[in-house]
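Shown next, in structure tokens, is the structure this report addresses.
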Ligand SMILES: NC(=O)c1ccc[n+]([C@@H]2O[C@H](COP(=O)([O-])OP(=O)(O)OC[C@H]3O[C@@H](n4cnc5c(N)ncnc54)[C@H](O)[C@@H]3O)[C@@H](O)[C@H]2O)c1
Ligand SMILES: O=C(O)C(=O)C[C@@H](O)[C@H](O)[C@H](O)COP(=O)(O)O
Ligand SMILES: [Zn+2]
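Numbering (our numbering), first residue to last: 1181 to 1537.
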């Protein structure tokens, strides 16, 4: 088991990552929250089906434990499910020393984290990520639910007490979720680490390569990129925005297609390619887009903006993005791999690229 310190301006906390480390979870809970009064597990149906029983029985010998299960998928990041989680926590009379355990992918992490951030004005939580994507979402304290006007519009910065990542749990992940999560791995390489990008090119030819030592290396590299960025800028006043590479359009696609139809990583993959096109069009870079596109296609990513989505509606969503200022779109662009920056992009350019999809 490897241990990292995630350092942010408001909190420093441990991240444990390894294989078959689940039995150590009770020890970690006691270590980071010695005065814990009770534990509320928040998870989703699919994760509960795979690991719910074993985690519950593991923790029951040490703590008072309750469990609340939300439906699987993006739709759980809604007001209704947020409200239902809070109602459940209140019905169990959780006090301020209670701990929420977010057991799942980015959806459960974001939802349960936001429940923790706001229950009685904030209680502790631990992230127990179960997807590849969650190497990103479990670190850095962004927690949120969606609104029909946009992704993650209602949320908070609330750092967990710890991140506990047993990557053995990934073995039950469906193929589509490997692909979705790998998009954030690629993003971390694109924005921060030319050598890591090269390593991915040389080592990962298909999603099946994401196992064993290669998987461990890719996850550790991704975590290192994320940790370095949130250390320097916890609340996105500067460099943290680079983690939004591919997300301005990606989030718009997710929202416009109806949450859950196009996964987060699928949207980000299309969005990264789009951001590269914009970078080229503005003369900042000279990417060989065809090469990037065929690299992404090799993993089965859809690379075109879905034909049923209207350009003007997508633009409207991009203008409502959290990076927007005075209704102007700001995107994360790249001068080269590893050289991101944020710039205002005119509506006309966005529309012309969206219309020529
Ligand atoms: N807070 C952040 O910094 C951050 C970063 C990136 C993404 N996100 C958010 O994360 C969400 C996407 O997360 P995700 O891709 O993990 O999706 P997810 O949480 O919906 O999980 C994907 C699917 O896999 C299932 N699943 C999860 N773990 C499993 C396992 N071990 N075995 C079998 N099935 C399993 C889930 O039930 C779900 O159906 C989006 O809402 C995105 O906005 C947040
Ligand atoms: O941690 C961050 O900062 C990120 O931007 C990571 C993204 O992968 C993630 O999807 C995040 O939730 C997007 O944030 P948002 O502020 O655009 O909602
Ligand atoms: Zn993301």
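Virtual Cβ for every residue (Gly too), placed ideally from N, Cα, C.
Just so you know, these numbers come straight off a predicted model, no measurement behind them.
Check your understanding: Considering only residues of the same chain and omitting the five flanking positions on each side of residue 1196, which have a CB-CB separation below 6 Å?
Key -> On the chain shown, position 16 is the one that residue 1196 refers to. Counting only Cβ-Cβ distances below 6 Å, and skipping sequence neighbours, we find 1181, 1183, 1344.
Check your understanding: According to the neighbour-count rule (16 or more other Cβ atoms, all chains shown, within 10 Å of its Cβ), is residue 1275 buried or exposed?
Key -> Within the chain shown, residue 1275 is the residue found at index 95, counting from 1. Label assigned to residue 1275: exposed.
Check your understanding: To the nearest angstrom, how far is it from the Cα of residue 1239 to the Cα of residue 1218?
Key -> The residue given as residue 1239 occupies position 59 in the chain shown. The residue given as residue 1218 occupies position 38 in the chain shown. Going by the C-alpha atoms only, they are around 10 Å apart.
Review point. In chain order, which continuous runs of the alpha helix (DSSP H) of length 4 or greater are located wholly inside the segment 1325 to 1394?
Key: 1355 to 1372, 1374 to 1383
Review point. Distance, Cα to Cα, residue 1476 vs residue 1360?
Key: Taking the first residue of the chain shown as position 1, residue 1476 is located at position 296. Taking the first residue of the chain shown as position 1, residue 1360 is located at position 180. Between residue 1476 and residue 1360, the C-alpha separation is close to 12 Å.
Exercise for review: Give the straight-line distance between the Cα atoms of residue 1379 and residue 1366, rounded to the nearest whole angstrom.
Suggested key: On the chain shown, position 199 is the one that residue 1379 refers to. On the chain shown, position 186 is the one that residue 1366 refers to. Their backbone Cα atoms lie some 11 Å apart in a straight line.
Point to revise | Through-space distance from residue 1458 to residue 1315, alpha-carbon basis | key: For the purposes of this step, residue 1315 is taken as the residue at position 135 of the chain shown. For the purposes of this step, residue 1458 is taken as the residue at position 278 of the chain shown. Cα to Cα, the separation comes out at about 28 Å.
**Study point:** Proximity below 8 Å, CB of residue 1224 to CB of residue 1287
**Key:** What you label residue 1224 is simply residue 44 of the chain shown in a count that begins at 1. What you label residue 1287 is simply residue 107 of the chain shown in a count that begins at 1. The answer is yes: Cβ separation under 8 Å.
Exercise for review: For residue 1470, I'd like the list of residues in its chain whose CB is within less than 8 Å of its CB, leaving aside the five on either flank, ordered along the chain.
Suggested key: Walking along the chain shown from the start, residue 1470 turns up at place 290. Here the set comprises nothing.
Point to revise | Meets three-Cβ-pair contact criterion under 8 Å: the segment 1485 to 1495 and the segment 1386 to 1393 | key: no
Practice item. Give the C-beta separation of residue 1330 and residue 1431 to the nearest angstrom, bearing in mind that I take them to be a contact with Cβ-Cβ under 8 Å. Key: Taking the first residue of the chain shown as 1, we reach residue 1330 at position 150. Taking the first residue of the chain shown as 1, we reach residue 1431 at position 251. 7 Å between Cβ atoms; contact.
Exercise for review: Flag this pair as yes or no: are the beta carbons of residue 1351 and residue 1200 separated by less than 8 Å?
Suggested key: Walking along the chain shown from the start, residue 1351 turns up at place 171. Walking along the chain shown from the start, residue 1200 turns up at place 20. No; because the gap between Cβ atoms is not below 8 Å, this pair is not in contact.
Practice item. Name, in chain order, the residues that DSSP records as bridge partners for residue 1198. Key: Within the chain shown, residue 1198 is the residue found at index 18, counting from 1. According to DSSP, which records beta bridges pairwise, residue 1198 is partnered with 1346.
**Study point:** Beta-carbon separation (whole angstroms), residue 1292 vs residue 1303, contact threshold 8 Å
**Key:** Numbered from its first residue, the chain shown carries residue 1292 at position 112. Numbered from its first residue, the chain shown carries residue 1303 at position 123. Rounded, the Cβ-Cβ distance is 11 Å, inconsistent with contact.
Practice item. Kindly indicate which residue of 1502, 1317, 1527, 1356 has the alpha-carbon position closest to the one of residue 1479. Key: By one-based count along the chain shown, residue 1479 stands at place 299. For the residues 1502, 1317, 1527, 1356, the minimum Cα distance to residue 1479 belongs to 1356.
Review point. When burial is assigned at 16 or more other CB atoms within 10 Å of the CB, is residue 1424 buried or exposed?
Key: Against the chain shown, residue 1424 aligns to sequence position 244. Counting Cβ neighbours within 10 Å, residue 1424 comes out buried, since at least 16 surround it.
Practice item. Just tell me which of 1449, 1268, 1186, 1211 has its CA closest to the CA of residue 1485. Key: Walking along the chain shown from the start, residue 1485 turns up at place 305. Closest by alpha carbon: 1449.
Exercise for review: Tell me where the beta strand (DSSP E) around residue 1221 begins and ends.
Suggested key: In the chain shown, the residue the question calls residue 1221 occupies position 41. Counting along the chain, the beta strand (DSSP E) containing residue 1221 begins and ends at 1219 to 1224.
Exercise for review: Report the residue ranges of all alpha helix (DSSP H) runs contained in full by the segment 1457 to 1503; include only those spanning at least 4 residues, in chain order.
Suggested key: 1469 to 1478, 1491 to 1499
Exercise for review: Please report the residue range of the alpha helix (DSSP H) in which residue 1316 lies.
Suggested key: Counting from one through the chain shown, the residue named residue 1316 turns up at place 136. Counting along the chain, the alpha helix (DSSP H) containing residue 1316 begins and ends at 1314 to 1317.
Review point. Which class does residue 1233 belong to by DSSP, given the choice of helix, strand or coil?
Key: Taking the first residue of the chain shown as 1, we reach residue 1233 at position 53. Collapsing the DSSP output to three states places residue 1233 in a helix.
Practice item. Determine the contact status of residue 1346 and residue 1323, defining contact as a CB-CB distance below 8 Å. Key: Position 166 of the chain shown, counted from the first residue, corresponds to residue 1346. Position 143 of the chain shown, counted from the first residue, corresponds to residue 1323. The answer is no: Cβ separation not under 8 Å.
Practice item. Name the two residues that bound the continuous beta strand (DSSP E) containing residue 1228. Key: As a working mapping, residue 1228 is identified with position 48 in the chain shown. First-last for residue 1228: undefined, no H or E at that position.
Check your understanding: Can you find a heavy atom of ligand 2 that lies under 7 Å from the Cβ of residue 1431?
Key -> On the chain shown, residue 1431 is found 251 positions in, with the first residue counted as 1. Yes - ligand 2 has a heavy atom lying nearer than 7 Å to the Cβ of residue 1431.
Review point. Rounded to a whole number of angstroms, what is the C-alpha to C-alpha distance between residue 1427 and residue 1241?
Key: Start at 1 with the first residue of the chain shown, and residue 1427 comes out as number 247. Start at 1 with the first residue of the chain shown, and residue 1241 comes out as number 61. Roughly 42 Å separates the two Cα atoms.
Check your understanding: What three-state label does DSSP hand residue 1454 in the structure shown?
Key -> Here residue 1454 corresponds to residue number 274 of the chain shown, with the count starting at 1. Helix, per DSSP.
**Study point:** Residues bridged to residue 1279 [DSSP beta-bridge criterion]
**Key:** Translated into the one-based positions of the chain shown, residue 1279 becomes position 99. Beta-bridge pairing links residue 1279 to 1219, 1304.
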